[in-house]
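Here's the structure we're looking at; comments come further down.
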Amino acid sequence: LQALAPHERHGAVATLLQEQLSQVLRTPVHTLGLRQPLSELGIDSLMTVELVNRVEAQLGLTLPMAILLENPTIAVLTDRICDLLAPAAPLIAAPNRFVDEVGGVADAYFARAVTDLAAEARLDPALQIAAAGAAPQSTAHQIFLTGATGFVGSFLLSELLQKSAAQIHCLVRATDIADGRRRIAATLKRICPDGEPALERIHIVPGDLAQPQLGLATGEFDRLAEQIDLIIHGGAQIQWLATYAQLQASNVRGTEAILRLAATGRPKPLHYISSLAVFPMMQPGMSPHFGEDSPLDHDGVLFGGYAQSKWVAETLVASAQERGLATMIYRPSLVVGHSQSGIWQGHNIIVNMLRSWIELGMAPDIDADLDLVPVDYVSRSIIQLALGNNNRTNSERANNVYHLNNRQTVSVRELIEWLVAAGYPVRRIPYQAWRAEMMKRGDRQRQVVLDAVGPLLALQVSEEIGWLERLPRFANQRTRQALNGLSCPTVDEATFQRYVGYLRQSGVFPSKL
75 LQALAPHERH
85 GAVATLLQEQ
95 LSQVLRTPVH
105 TLGLRQPLSE
115 LGIDSLMTVE
125 LVNRVEAQLG
135 LTLPMAILLE
145 NPTIAVLTDR
155 ICDLLAPAAP
165 LIAAPNRFVD
175 EVGGVADAYF
185 ARAVTDLAAE
195 ARLDPALQIA
205 AAGAAPQSTA
215 HQIFLTGATG
225 FVGSFLLSEL
235 LQKSAAQIHC
245 LVRATDIADG
255 RRRIAATLKR
265 ICPDGEPALE
275 RIHIVPGDLA
285 QPQLGLATGE
295 FDRLAEQIDL
305 IIHGGAQIQW
315 LATYAQLQAS
325 NVRGTEAILR
335 LAATGRPKPL
345 HYISSLAVFP
355 MMQPGMSPHF
365 GEDSPLDHDG
375 VLFGGYAQSK
385 WVAETLVASA
395 QERGLATMIY
405 RPSLVVGHSQ
415 SGIWQGHNII
425 VNMLRSWIEL
435 GMAPDIDADL
445 DLVPVDYVSR
455 SIIQLALGNN
465 NRTNSERANN
475 VYHLNNRQTV
485 SVRELIEWLV
495 AAGYPVRRIP
505 YQAWRAEMMK
515 RGDRQRQVVL
525 DAVGPLLALQ
535 VSEEIGWLER
545 LPRFANQRTR
555 QALNGLSCPT
565 VDEATFQRYV
575 GYLRQSGVFP
585 SKL
C-alpha cells in the first residue's frame, strides 16, 4: 500500500476496512456507509478489538485503540490509517501540537495540552459569591452529597452517618425518591453488611450531574440551595477510555452546576473530590514530584478524557474560590479496597488489570511502583477535614488542597508475587511480548483484554513503555499535618490477600487455578 499513489492508497484502505468490518459485523459490505459512525453500524466494544486485530494483521501496523474509541466513520478511519501508512509522514496527523514532544501514536489521540483546555476552564463571569469571606456555620446540619452510590462516595456517606448528626441530601440518578432510596440502601448494605445505617437521615434528591441544573427544576434547585449548608461533591464519571467530550457533561458541567448551587443564596462551603490525575504523566526533563501547592497551569499534557475533565473541573473550583467561595479540594491517588474488610468495587482500572493477569496467566515485567490508597483512609480523611474545617473563614482556607496518597508504594512485581502466593500461576514476561500477547487473544478473552488492557495500551508512550512507568510522585505534608495522626494504611501482602478474598467471594476473581 505504501507504494501506491495517495488516492489509490485511500481507496484500497477504505475497501479493506469495509471488508473487515463486514466480517466482524456479519453484514453485507453494501450496507456499510462510509459516513456513518461505527457505533451506528452496530459495532460494540468486543467487535472493536476484533476489528483492530484484523486491520493490524492485514496492514502490518499498530492501530491505536484510541482512534477507534473516537467512534469514527469508515471515511475518517481510512484517513487515519493513510496517515500511518504515508512513507514520509509523521507518526500521525495529531489533533494537538504536542504530538512531536509526546511521541506515542496512541498518546497523541488521548493527549491534550493544558493550554488547549484553558478555554473550557473559564468560570462564567456571572457566577458571583455574595458576602465573600463571611464565616460559614460552625456545624453543618444539612449536607449535600453527590456520588453516594459510587465506590468512594458510598464510603463518604457511611462516614458522614457515623461522624455527623447532619441530615444528608444525596443526589441520585433515580426515577423517583423511592427508587433512589432503594439504590442507596443497597449500596450501604454492600459496604456495611453487618451495620444498620441511619437511613432516616438520608434524603434522596433524584437528579443527574450530566443534566442542566443537576436535572432539577429551577424551584427545586433554589429550595435545595437555601436548605443545605455544606456540599461534598464526589460524583464523577470515571472511564479511562472515554474522551473529554464524552465526560464533559457529568464531570465539568456537573461541577459548574454544583458551583452555582454553592453560590445561590447564602454561600455554602464546597468540598470537591478531584484526583491526582490532574497532573501530567512524567515526560523527559520534568520534575518527578508534585506537591499540594504545585501549580495546575503547568505547560504539560494530560492523557485521557478523565484526567482532562478533572483538570478543567478543579480549575473551575479554584476560580470560584478566588471569587470568595469557601472551597476544599481533595486529590486521591489510585483508590483500592477497604484495608480491613477487603471490600472493593468489582471493576476499576486496578482490579481489571489484576484480573487480566490472572485469566491470561501473564503480566508485564516492568519496573514501576503504584500509589495505592485504601478507600477507608480516603473517606475518613475527607470527612475529618470537611467537618473539622467547616468553621474556618475563606481567608483561612488559602491552603485548601490535600493529597490523599500513600507514601508506601507497591511495585508491580510485588503484585505479581502476591497473586502467585494466592494460587494464581502468573508469569512475568517482557512488556513488548505481553502487549503482543494481549492483542492476539481470541473471542473468549476479548472482554478481559478490552477492560484491563485497553487503558494501558491507549495511554502508552510507545510499544516499549506504558503509563504505569510514567506515574509521578506526590508530596502530602499539609495533609499529614492536618489529619493529626490519621495515617494511610500500608497495602502489604496481608491487605492484598484480603482484597483477593473479597474479589473471589464476589465472583470477580476466579477461585484458585
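The opening residue of the sequence shown carries number 75 in our numbering; numbering runs sequentially from there.
In this text, a Cβ means the ideal position worked out from N, Cα and C, and glycines have one as well.
| task | Tell me whether A79 is buried or exposed, calling it buried when 16 or more other Cβ atoms sit within 10 Å of its Cβ. | result | When all chains shown are included, A79 counts as exposed.
| Alpha-carbon spacing of L159 relative to T147, whole angstroms | Rounded to the nearest angstrom, the gap between the Cα atoms of L159 and T147 is 18 Å.
| query | Which stretch, first to last residue, makes up the beta strand (DSSP E) that contains C156? | reply | From DSSP, C156 is part of no beta strand (DSSP E) but of the alpha helix (DSSP H) over 148-159.
| Span of the alpha helix (DSSP H) around L201 | Unbroken run through L201: none, as it is neither H nor E.
| query | Quick one: what does DSSP say C266 is sitting in, helix, strand or coil? | reply | Three-state DSSP puts C266 in coil, outside helix and strand.
| request: Return helix, strand or coil for Q110, following the three-state DSSP convention. | output: coil
| task | Apply the 10 Å Cβ neighbour rule to H345 and answer buried if 16 or more other Cβ atoms are within range, or exposed otherwise. | result | buried
| task | Determine the direct distance from the alpha carbon of I440 to that of R487, and round the result to whole angstroms. | result | 7 Å
| request: Assign Y404 to one of three DSSP states: helix, strand, or coil. | output: strand
| said: Quick check on the DSSP output: what are the complete alpha helix (DSSP H) runs of length 4 or more inside the stretch 238-289, in order along the chain? | reply: Runs found: 251-265.
| field | Nearest-angstrom Cα separation, counted from Y576 out to Q506 | value | 32 Å
| field | Distance between L245 and F295 (C-alpha atoms, nearest Å) | value | 12 Å
| D443 bridges to which residues according to DSSP? | D443 pairs with S485.
| query | Between the C-alpha atoms of I347 and V449, what's the straight-line distance to the nearest angstrom? | reply | The alpha-carbon atoms of I347 and V449 are separated by roughly 13 Å.
| task | Could you give the DSSP three-state label for E82: helix, strand or coil? | result | helix
| query | Nearest-angstrom Cα distance between P504 and A437? | reply | 8 Å
| said: Using 8 Å as the threshold, is the C-beta distance between I456 and Y380 below it? | reply: Going by C-beta atoms, I456 is not nearer than 8 Å to Y380.
| query | If you drop the 5 nearest sequence neighbours on each side, which residues of the same chain put their C-beta closer than 8 Å to that of A337? | reply | Leaving aside the five residues that flank A337 on each side, the residues in its chain whose CB is nearer than 8 Å to its CB run, in chain order, L201, Q202, I203, A204, A394, L399.
| request: Could you tell me which of D371, V226, P102 sits nearest to T261, measuring between CA atoms? | output: Checking every option, the nearest Cα to that of T261 belongs to V226.
| Three-state secondary structure assigned by DSSP to T220 | strand
| task | Please state whether DSSP places V409 in a helix, a strand or coil. | result | Here V409 sits in strand by DSSP.
| task | Work out the CA separation of A149 and R109 for me, nearest whole Å. | result | Taking the straight line from one Cα to the other gives about 6 Å.
| query | On the three-state DSSP scale, how would you describe I417? | reply | coil
| query | Just to confirm, are D445 and N480 a CB contact at a threshold of 8 Å? | reply | Going by C-beta atoms, D445 is nearer than 8 Å to N480.
| query | Quick one: what's got a C-beta closer than 6 Å to V475's C-beta in the same chain, skipping five residues either side? | reply | E366, I403
| request: Just mark L273 as buried or exposed, buried being the case when its beta carbon has 16 or more other beta carbons within 10 Å. | output: exposed
| task | In angstroms with no decimal places, state the Cα-to-Cα distance between G462 and W314. | result | When rounded, the separation of the alpha-carbon atoms in G462 and W314 is 33 Å.
| Q414 to R327 span [Cα, whole Å] | 36 Å
| said: Is any non-hydrogen atom of the ligand NAP found closer than 7 Å to the C-beta of I503, if you look at the structure I gave you? | reply: In the structure shown, the ligand NAP is absent, as is every other ligand, since no ligand is present at all.
| request: Check the C-beta distance from P354 over to G374 and give it rounded, since I have them as a contact under 8 Å. | output: 3 Å
| said: Between L390 and L197, how many whole angstroms is the CB-CB distance? I'm expecting something under 8 Å. | reply: 5 Å
| task | Take R100 as the anchor and find which of M121, L90, H84, R83 has the nearest alpha-carbon. | result | M121
| task | List the residues that DSSP assigns as beta-bridge partners of A437. | result | R502
| query | Whose C-alpha, out of N550, P341, P286, is nearest the C-alpha of V447? | reply | That would be N550, whose Cα lies nearest to the Cα of V447.
| task | Mark K384 as exposed unless 16 or more other C-beta atoms lie within 10 angstroms of its C-beta, in which case mark it buried. | result | buried
| said: Residues in the same chain with beta-carbon distance under 6 Å from H477, minus the five sequence neighbours each way, listed in chain order, please. | reply: E366, R405, F548, N550, T553
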